[in-house]
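Per my numbering, the sequence shown starts with residue 1031, numbered consecutively.
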Amino acid sequence: MDVNKNFSKKAQEDFELVSAALSGDQAAFTAIMVRYREPIYYLVLKMIRNESDAEDISIEAFEKAFQKLDQYTPQYAFSTWLFRIATNHCIDFIRKKKLNTTSIDEVIDDGENPSRRIQVGGNTKDPEEKFIEKQKIDSMHNFVDQLDDPYKSLVVLRYFKELTYEEIADLRSIPLGTVKAQLFRARALLAELIRKSKTNI
């Protein structure tokens, strides 16, 4: 890839990090995350207006960007490309949230008194569904076992033991930003393992 000669120093540094990441340098992924974590988070927060959702969506935006990193072309700044991905992901989230809200309010006709109400208890899982769900959980454990540390242990702490980012940082005695950077990288690696296995989870 030929870098745009009009790039600023920061854009040139981004290009070098992207090139390193594409070469398999895990530290480069972390460096990109650390560099853009706050700007992306505040962009998402401005659109979503919910801190908890903004945290998750910003991480997912990085995951999407890293999965498509080989599609980035240095005709324009990496930051522009990354912010576009984050913005589009926010738009998708908002659209899906509106659709979910609408589906909850759908009219349920009981044959006598059509009314707008939430149907409760209609989604009880049968034994077959429970079995399928257990298989998916077992498959996910198998994928996690394929990760190297620190990714494996961080995923276990965050998603199986349900520790917060702050609790993990305290437990591992590492900066909060490092925890978040390594976790989103772990999720990206998991997604790649699942994609290659062609398993539906």
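Every residue, glycine too, gets a C-beta built ideally from N, C-alpha and C. Every value quoted in this text rests on a predicted model; they were computed, and no experiment measured them.
**Request:** Return the first residue and the last residue of the alpha helix (DSSP H) that ARG1079 is part of.
**Result:** ARG1079 -> no alpha helix (DSSP H), and no H or E assigned at all.
**Asked** ILE1115 to GLU1093, Cα distance in whole Å?
**Response** Roughly 10 Å separates the two Cα atoms.
**Request:** Answer with buried or exposed for LYS1210, where buried requires no fewer than 16 other C-beta atoms within 10 angstroms of its C-beta.
**Result:** So LYS1210 ends up on the buried side.
**Request:** Quick one: residues in its chain with C-beta nearer than 7 Å to the C-beta of ALA1218, no 5 flanking neighbours on either side, listed in chain order?
**Result:** If we look at ALA1218 and ignore the five residues flanking it on each side, its Cβ neighbours are GLU1093, PHE1096 and GLN1097.
**Request:** Would you identify the three-state DSSP class for GLY1141, choosing helix, strand or coil?
**Result:** Any reading at GLY1141 must be qualified, since the residue scores a pLDDT of 44, below 50, and its modelled position is unreliable; no value is offered.
**Item:** Presumed contact (8 Å Cβ cut-off) between ALA1061 and VAL1074, rounded CB distance
**Value:** So it is not a contact: roughly 20 Å between Cβ atoms.
**Request:** Check whether the Cβ atoms of PHE1045 and ARG1215 lie closer than 8 Å to each other.
**Result:** Their beta carbons are not under 8 Å apart, which means PHE1045 does not touch ARG1215 by this criterion.
**Message:** Which same chain residues end up closer than 8 Å to ILE1089 when comparing Cβ atoms and leaving out the 5 residues on each side of it in sequence?
**Reply:** For ILE1089, same chain residues with a beta-carbon under 8 Å away, outside a window of 5 residues either side, are LYS1210, LEU1213, PHE1214 and ARG1217 in chain order.
**Message:** Let me confirm a value: HIS1171 is counted as buried when at least 16 other C-beta atoms fall within 10 Å, else exposed. Which label applies?
**Reply:** Burial call: exposed.
**Item:** Outcome for LEU1099 when other beta-carbon atoms lying within 10 angstroms are tallied against a minimum of 16
**Value:** It is buried - the Cβ of LEU1099 has at least 16 other Cβ atoms within 10 Å.
**Prompt:** Looking at ILE1070 and LEU1112, is the spacing between their C-beta atoms short of 8 Å?
**Reply:** Cβ distance < 8 Å, so LEU1112 and ILE1070 count as in contact.
**Asked** In whole angstroms, what separates the C-alpha of VAL1064 from that of GLU1192?
**Response** If I take the Cα positions, the gap works out to 23 Å.
**Alpha carbon of LEU1187 to alpha carbon of GLN1056, nearest angstrom** = If you take the alpha carbons of LEU1187 and GLN1056, they lie about 21 Å apart.
**Request:** Check whether the Cβ atoms of ALA1041 and ALA1107 lie closer than 8 Å to each other.
**Result:** Contact: yes.
**Asked** Using a Cβ-Cβ cut-off of 6 Å (strictly less than) and excluding sequence neighbours within five positions of GLY1207, which residues of its own chain qualify?
**Response** Closer than 6 Å at Cβ, skipping near neighbours: VAL1064.
**Request:** Give the secondary structure of PRO1069 by DSSP, where H, G and I count as helix, E and B as strand, and everything else as coil.
**Result:** Three-state result, PRO1069: helix.
**Asked** Going by beta carbon distance, what residues of the same chain come within less than 7 Å of TYR1195, once the five residues before and after it are set aside?
**Response** Cβ within range, chain order: LEU1206, VAL1209 and LYS1210.
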